[in-house]
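Peer 1:
Residue numbers (our numbering): 44 to 233.
#1: Which two residues bound the contiguous alpha helix (DSSP H) that contains residue 228?
#2: Does the beta-carbon of residue 132 have 16 or more other beta-carbons within 10 angstroms, so that it is buried, or is it exposed?
#3: At the level of alpha carbons, what is the spacing between residue 67 and residue 212?
#4: List the whole-angstrom C-beta distance separating residue 180 from residue 115, where the pair is believed to meet the contact cut-off of C-beta under 8 Å.
#5: Using only the alpha-carbon positions, how far apart do residue 218 and residue 168 sit?
#6: When the Cα atoms are used, what is the spatial distance from residue 142 to residue 201?
#7: Please tell me whether residue 206 and residue 101 are closer than 8 Å, where the distance is taken between their beta carbons.
#8: Note down, in chain order, each residue of its chain lying with its Cβ closer than 8 Å to the Cβ of residue 233, except the 5 sequence neighbours on either side.
#9: Going by DSSP, which residues form a beta bridge with residue 48?
#10: Can you list, in chain order, the residues of its chain with a C-beta nearer than 8 Å to that of residue 191? Leave out the 5 residues immediately preceding and following it.
#11: At the level of alpha carbons, what is the spacing between residue 89 and residue 139?
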């Protein structure tokens with residue numbers, strides 16, 4: 044039995060791709076999939092209820108092993124390439140304190156009047172109502188290809204790392220092959 048999980052924003056496509064890979068490549072493993080908020084998810088991994096999880100900014104705790112899985116990029120995307128970055132068009136997403144610090148340093152005069160604490164919801168808002176905002180490149184790629192969004196040229200991009208967190212007590216014989224599959228997926232080798 045293997046229990047894997049992720050934060051909600053990483054459930055699609057990364058967690059879903061991983062689950063599909065496990066089912067195809069490791070069919071003898073019984074699988075439980077769990078999606079939760081970061082604070083609860085890290086507690087569940089630390090307690091051994093979840094064997095491994097995909098997270099953005101996991102807290103370091105005894106009994107946990109945390110490894111960098113991949114580097115996502117936060118990019119400024121807009122529904123209208125002529126719009127630019129203005130207070131009235133900028134939709135802020137709370138990507139955490141590091142992003143806030145960098146954004147404030149680069150754009151001290153842009154104080155947003157609309158903020159979200161959930162990236163997929165902010166992206167859906169911009170797609171439906173127009174505007175611009177910083178979003179994960181993996182989330183905007185299909186919208187860029189479809190012409191619904193455009194990258195704003197010359198704007199800084201920010202690193203947003205994804206980590207794999209595992210319980211130090213997890214069964215390595217079961218978890219090891221599953222984590223190898225997750226690494227292959229995150230590197231685009233599957």
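Even glycine gets a Cβ: it sits at the ideal position worked out from N, Cα and C.
These numbers come from a predicted model, not from an experiment.
Peer 2: Taking the definition as stated:
#1: Element bounds for residue 228: 215-229.
#2: Answer is buried; the Cβ neighbour count reaches 16.
#3: Taking the straight line joining both Cα atoms gives about 25 Å.
#4: Yes, they are in contact, since the Cβ atoms of residue 180 and residue 115 sit about 6 Å apart, within 8 Å.
#5: Residue 218 and residue 168 have their C-alpha atoms roughly 38 Å apart.
#6: The straight-line gap from Cα to Cα measures roughly 7 Å.
#7: Yes, these two residues count as a Cβ contact at 8 Å.
#8: Around residue 233, the same chain offers 60, 64, 224, 227 as residues with beta carbons nearer than 8 Å, after the five sequence neighbours per side are excluded.
#9: Paired residues: 77, 96.
#10: If we look at residue 191 and ignore the five residues flanking it on each side, its Cβ neighbours are 122, 170.
#11: When rounded, the distance between both Cα atoms is 22 Å.
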